[in-house]
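K.L.:
Protein chains in written order, with this note's numbering: chain A, 1 to 425; chain B, 1 to 425; chain C, 1 to 425.
(1) State yes or no: is the C-beta of residue 286 of chain A within less than 8 Å of the C-beta of residue 147 of chain A?
(2) If you run the structure through DSSP and keep just helix, strand and coil, what is residue 358 of chain B?
(3) Of all the options B:421, B:384, B:3, B:7, which has the alpha carbon lying nearest to the alpha carbon of residue 255 of chain A?
(4) Grab me the residues of residue 45 of chain B's own chain with a C-beta within less than 7 Å of its C-beta, minus the 5 sequence neighbours each way, in chain order.
(5) Ends of the alpha helix (DSSP H) at residue 337 of chain A?
(6) Per DSSP, what are the beta-bridge partners of residue 423 of chain B in this structure?
(7) Whole angstroms is fine: what's the gap from residue 121 of chain A's alpha carbon to residue 132 of chain A's?
(8) When DSSP builds the beta bridges, which residues end up paired with residue 274 of chain C?
(9) I need the boundaries of the beta strand (DSSP E) containing residue 149 of chain B, first residue and last residue.
(10) Report the partner residues of residue 316 of chain A according to the DSSP bridge assignment.
(11) For the stretch 206-274 of chain A, list the alpha helix (DSSP H) runs that are entirely contained and at least 4 residues long, ordered along the chain.
(12) Do residue 345 of chain C and residue 419 of chain C have their C-beta atoms within less than 8 Å of each other?
(13) From residue 259 of chain B to residue 265 of chain B, what does the alpha carbon distance come to, in whole angstroms?
(14) First and last residue of the alpha helix (DSSP H) that includes residue 398 of chain B?
(15) Between residue 87 of chain A and the rest of its own chain, which residues show a CB-CB distance below 8 Å, the 5 nearest in sequence each way excluded?
(16) Whether or not the stretch 234-254 of chain A and the stretch 294-309 of chain A are in contact is what I'm after, with contact meaning three or more pairs of Cβ atoms, one per stretch, closer than 8 Å; do they touch?
(17) For residue 407 of chain B, decide whether its Cβ has a neighbour in chain A, counting only Cβ atoms nearer than 8 Å.
(18) Identify the continuous beta strand (DSSP E) that holds residue 303 of chain C and give its terminal residues.
(19) May I ask you to list the residues that DSSP assigns as paired with residue 93 of chain C?
(20) If you reduce the DSSP assignment to three classes, tell me which class residue 387 of chain A lands in.
(21) Does the Cβ of residue 107 of chain C have 16 or more other Cβ atoms within 10 Å, making it buried, or fewer, making it exposed?
(22) Under a CB-based cut-off of 8 Å, is residue 356 of chain B close to chain A?
(23) So, under 8 Å CB-CB, residue 181 of chain C and residue 319 of chain C are touching, yes? Tell me the CB distance rounded to an integer number of Å.
(24) With three or more beta-carbon pairs closer than 8 Å as the criterion, would you say the stretch 17-26 of chain A touches the stretch 124-143 of chain A?
(25) Just checking: is the beta-carbon of residue 374 of chain B within a distance shorter than 8 Å of some beta-carbon in chain D?
(26) With DSSP as the reference, please indicate the residues paired to residue 156 of chain C in a beta bridge.
(27) With 16 as the cutoff for other CB atoms within 10 Å, does residue 357 of chain A come out buried or exposed?
(28) Strictly by DSSP, which residues pair up with residue 174 of chain A?
(29) Residue 228 of chain A: buried (16+ other C-beta within 10 angstroms of its C-beta) or exposed?
(30) In chain order, what residues of the same chain lie with their CB nearer than 7 Å to the CB of residue 284 of chain A, ignoring the 5 residues before and after it?
(31) Under 8 Å, Cβ to Cβ, is there at least one residue of chain B near residue 360 of chain C?
(32) Taking Cβ-Cβ distances shorter than 9 Å, what residues in chain C pair up with residue 255 of chain B?
(33) Which residue marks the beginning of the beta strand (DSSP E) containing residue 61 of chain C, and which one marks its end?
(34) Taking C-beta pairs closer than 9 Å, name the residues in chain A that residue 351 of chain B reaches, listed in chain order.
(35) In its own chain, which residues sit with a C-beta less than 6 Å from the C-beta of residue 160 of chain C, not counting the 5 before and 5 after it?
(36) By Cβ distance below 7 Å, which residues in the same chain neighbour residue 317 of chain A in space, the five residues on each side in sequence not counted?
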């Protein structure tokens, strides 16, 4: 399964926090990739914690024309042209009157910004600033038509439960509510699909809960129904977003900052030998806002490439398929995959051996002792034996500065040799 | 009430650890500013902890003349000319004999040093080094006359208790035992008077104990009488001294270093955006020596401008009214005032809301969501909600990097909105 | 007793982990320096923890000659020429056949490397790389003769118990198994002898356990017999090795890293004002591998000069008597001696005095108070009084930045003055 191909397939769909676009997206994931995906429908008006599920928004067409019949802006060209949740309109306006309904970015004059107004009735068009300036010069009137609909319907989300031996769970949360944008946000769902498929192909110690939700309201709705289960079972989790470009790496820790999810992510990124900017939780912006809120307090962090809010194309039409690359996606998948491998395999190993064991008689130490003979793998073996004193293997790996995967392989050898035993698997 | 004017009024009085100067100073404070000031008198010879209250020192006149009748040094010109607690004398001496009783500073040849000998009988004159060198050249004898008196009397101190709702107290300690010097030390008492008047003008959650004492022996005497009350009630405190010049800011932490007094002071100084030198408690030099001693262990720190011992004019006649400025005093008052506002308003607020609340429906979040709409005040609101999980507001303010006063205002709004509630006020 | 002379005396002896060389070395120490040294003999084949005591190795002669009778390599010239634990041989070989039994260092072409094969039967010669290259050019055959013997015998070690008032112990461990090398390792045993003699000359609060053991197998054997005693009594310890050259200082902390042994060593090195490289425990290489292993976990660190593995001459014939100096040894002895003085004298002193005591009446404070009168020793006295609040004196010394010895002297004065009292000696 190619992440980039899936992204291309999903890109044109006009998604919002409710409506046909979300359903179409979830249907593709379920039909073509994750047959176990459970799609839930929550009626508009449902009270969820401090929120209410909003009406469902449908949009058929939207355009701005002039008296000559010329089309200035057409939703059919780019679904970002319409402010999300715009109410219907059909009005002739002067350029000045229309301008109050236009949104643009003076610093990025060719980009169409992404703007929404979910919870206040309003309509608007999002346009390149260069176009807006030309529209301001127009001498006649404009005809703004929005053929949209806001009525009781449903909010939809997808949920995939992947059972493992234990009911301890890893939460993988991503959102499917943005229209045609790539790094933020289709990179997240396609990486989540790839991770889910990877998990389904092998035996698992832990269970996994993979969520495809509309951002913010989706996590609120989910919390309103599953708070106790999440608090009881989730041992680590990530919000998957902005993981598709190749320009940099970003890490957003959980609110607590030192949970298993944080430690695994920092470990993996360190041993990928990449430059990483570690952001403060104060700069959070996605569903960790809810997953990590005081009374929920889940161990949820985020490994990203160019973080939302920090790259110039963020929330504009320039965050397109040229920004995200197959390699960028693959590297992000790999980083997350390594974190999952840590969760699957982490544990506490201890020794019953007083003093160092005799490694030589087990073929684990060179029989000729000379300068340098205790370096490299031999040194790692000794260091693992020395620090397996009650700490989990991830801590040992960090202490001795060796990748978890390499430590795990050595621990396996030492377990075989009877020198280490796993505690309370 | 102008701090600088009060300082000018108090400057000429010849103070020492006992005697008329202290009484005159306290009488002015009581009569003109703090009518509730309680002035206590402790008889000479009273045993206090490891110390004994010394005899009371009175001084009428002191001068050095020569055979020609020329006056070389006269206490009437500057009360620093006489070593504090000098015993009476009336003697004709050669220049060499007199020189053994002279004190001067070779590096500051025009300054009169401040020297005392409270606990060993001795007499001496303090002179500019340039004058001392001329006196050494004198060919005749000198006549040194000191008309002083050391006899049983009393040690006096002033104490103002400002009651609040709670019997938890803030200790504000300053000393009134130095003769004519400004930064060290009249800046401390005048700032303490201003803070006391400010406190008296408004309702108070906490109680305040403002002390005007002779340094060292005053805090010993006070501890000997109020140790249990101080240990039981004091939640924070400061020694007010050296807070009058404009040259720099200094912070001396308490012995423990992380008490509420320390945290508030560091917070306030940080958000005043000034350069601050944080000294080690190892360099302490005022009554925190007693307030923070092992068996007392109060949370008492000190915010200063140019710290005692670090500025060239320290303990000389050059620490005069030109060194201290109205602005320097006012800024120091402001720093301390902000600390008191923290003590008054700090507390623990928690939320009952699972997940982020919907701020938009309460007018606390913009209804149009676009790039940057979650910054500034909105970001601060969200960060406060996220970190109000059991920590006090000062900790939250430090965590999110926002001034306490701004956090407090937001907490008030969120309390009004039913989103935060104060725990155990 | 001169450490350097003893080293010269011991240098020529061919030591290994067993055999006559170890016995001869221990006999010299016992006969000439430490009459209380207890020499233990453990039979070959004894099972010790995960190990077995190996056969005893004896060596009479070893050489390589050629058909012309010319001697190319002779063990009689340098005992490093023979790989330790070489099995007997008497064979004519081509240069290529012989080369498989040669060990050399291309980067140090004039040095003979130190190589052993304790636990796998093998024979070999260690030669300068320049000689090896000439031997490869030789056209005839070589005659390799090793007159060695591997048979049941014993492993020997020396142990000196120096009793003190308390049964709390300091462990001083050094190894005596290397042939003719100086920094690694004769510097360790000679420093241990000097420290033991120094201890024997004075009263002691603590007890001391000084071990002269073959490295690795010696600490295993010792642990197999004394684990409980060590775990119960040892409060601090050091492995003495590589303490003879003058080039640098090295510190290897214990596994825990903050034990009394670590804190004392760091304190002493800091106040010696020398440059010290602090290594990670991950780079350990001597018997702390066993003393600090998880189920043993003793507080054992190591103060070294040029650490094993880090200096070019390490484990070669160039680590000879010219590398180590009397001054280098003496400075190392001094560093360790100061650590022992800390162990002997450390304790908790507290005051019963509320507030600062009046130092002046006890002659501990100048009676004239002027700028600078509270500095230096007076400041140290006050700082000690302020921090003696339950922390041990080493912690107080580190907090106030004053050498332990100076603090101890001041504490003595304050104890005399009734201002401090030692808790639970």
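Cβ atoms here follow ideal geometry from the backbone N, Cα and C, with glycine treated the same way.
P.N.:
Taking the definition as stated:
(1) Within the first chain, the letter at position 286 stands for residue 286 of chain A. Within the first chain, the letter at position 147 stands for residue 147 of chain A. Their beta carbons are not under 8 Å apart, which means residue 286 of chain A does not touch residue 147 of chain A by this criterion.
(2) For this step, residue 358 of chain B is matched to residue 358 along the second chain. Residue state for residue 358 of chain B is assigned as coil, using DSSP reduced to three classes.
(3) On the first chain, position 255 is the one that residue 255 of chain A refers to. Nearest C-alpha to residue 255 of chain A: B:384.
(4) Taking the second chain and counting its residues from 1, one reaches residue 45 of chain B at position 45. Same-chain partners within the cutoff: 52, 53, 152.
(5) Along the first chain, one-based indexing puts residue 337 of chain A at 337. Counting along the chain, the alpha helix (DSSP H) containing residue 337 of chain A begins and ends at 326-345.
(6) On the second chain, residue 423 of chain B is found 423 positions in, with the first residue counted as 1. DSSP lists B:348 as partners of residue 423 of chain B.
(7) By one-based count along the first chain, residue 121 of chain A stands at place 121. By one-based count along the first chain, residue 132 of chain A stands at place 132. Distance between the alpha carbons of residue 121 of chain A and residue 132 of chain A: 23 Å.
(8) To locate residue 274 of chain C, count along the third chain from 1; it is residue 274. Answer is none; residue 274 of chain C lacks a bridge partner.
(9) Position 149 of the second chain, counted from the start, is the residue given in the question as residue 149 of chain B. Start and end: 142-151.
(10) Taking the first chain and counting its residues from 1, the one referred to as residue 316 of chain A is at position 316. Looking at the DSSP output, residue 316 of chain A sits in a beta bridge with A:113.
(11) Correct list: 217-233, 260-271.
(12) Looking up residue 345 of chain C in the third chain gives position 345. Looking up residue 419 of chain C in the third chain gives position 419. No, they are not a contact pair.
(13) As a first step, residue 259 of chain B must be located in the second chain, where it is residue number 259. As a first step, residue 265 of chain B must be located in the second chain, where it is residue number 265. Taken atom to atom, the span from the alpha-carbon of residue 259 of chain B to that of residue 265 of chain B is near 10 Å.
(14) Taking the first residue of the second chain as 1, we reach residue 398 of chain B at position 398. From DSSP, the alpha helix (DSSP H) with residue 398 of chain B extends over 393-400.
(15) To locate residue 87 of chain A, count along the first chain from 1; it is residue 87. Cβ neighbours of residue 87 of chain A within its own chain (closer than 8 Å, five residues either side excluded): 121, 122, 123, 146, 148, 150.
(16) Contact holds: three or more Cβ-Cβ distances are below 8 Å.
(17) The count along the second chain starts at 1 and reaches residue 407 of chain B at position 407. No, residue 407 of chain B lies away from the interface with chain A (no Cβ there is under 8 Å from its Cβ).
(18) Here the question's residue 303 of chain C lines up with position 303 in the third chain. Per DSSP, the continuous beta strand (DSSP E) segment holding residue 303 of chain C begins and ends at 300-304.
(19) In the third chain, the residue the question calls residue 93 of chain C occupies position 93. BP columns for residue 93 of chain C point to C:142.
(20) As a first step, residue 387 of chain A is located in the first chain; it is residue number 387 there, counting from the start. Helix, per DSSP.
(21) As a position in the third chain, residue 107 of chain C is number 107, starting the count at 1. Classification for residue 107 of chain C: exposed.
(22) Residue mapping note: residue 356 of chain B aligns to position 356 of the second chain, counting from 1. Answer yes: the Cβ-Cβ gap between residue 356 of chain B and chain A drops below 8 Å somewhere.
(23) Along the third chain, read from residue 1 onward, the residue named residue 181 of chain C stands at position 181. Along the third chain, read from residue 1 onward, the residue named residue 319 of chain C stands at position 319. So it is a contact: roughly 4 Å between Cβ atoms.
(24) Proximity of the stretch 17-26 of chain A to the stretch 124-143 of chain A falls short of the contact definition, fewer than three beta-carbon pairs being nearer than 8 Å.
(25) Of the chains in the structure shown, none is chain D; the protein chains are A, B and C.
(26) On the third chain, residue 156 of chain C is found 156 positions in, with the first residue counted as 1. Paired residue(s): C:41.
(27) Position 357 of the first chain, counting from 1, holds the residue named residue 357 of chain A. Classified as buried, residue 357 of chain A has 16 or more neighbouring CB atoms from the shown chains inside 10 Å of its CB.
(28) For this step, residue 174 of chain A is matched to residue 174 along the first chain. Answer is A:212.
(29) Mapped onto the first chain, residue 228 of chain A falls at position 228. The residue in question, residue 228 of chain A, is exposed, as its Cβ has fewer than 16 Cβ neighbours within 10 Å.
(30) The residue given as residue 284 of chain A occupies position 284 in the first chain. The residues 252, in chain order, have a CB closer than 7 Å to that of residue 284 of chain A in the same chain once the five nearest residues on each side in sequence are set aside.
(31) The residue you call residue 360 of chain C lines up with position 360 of the third chain. Closer than 8 Å: yes.
(32) Stepping through the second chain from its first residue, residue 255 of chain B is reached at position 255. Residues of chain C passing the Cβ test: 386, 387, 389.
(33) Reading the third chain from its first residue, position 61 is the one you call residue 61 of chain C. Here the beta strand (DSSP E) through residue 61 of chain C covers 56-66.
(34) The sequence position of residue 351 of chain B within the second chain is 351, counting from 1. Within chain A, the residues near residue 351 of chain B are 293, 294, 295.
(35) Mapped onto the third chain, residue 160 of chain C falls at position 160. So the qualifying residues of the chain are 34, 36, 37, 196, 210.
(36) Position 317 of the first chain, counting from 1, holds the residue named residue 317 of chain A. Taken in chain order, the residues that qualify are 78, 80, 111, 112.
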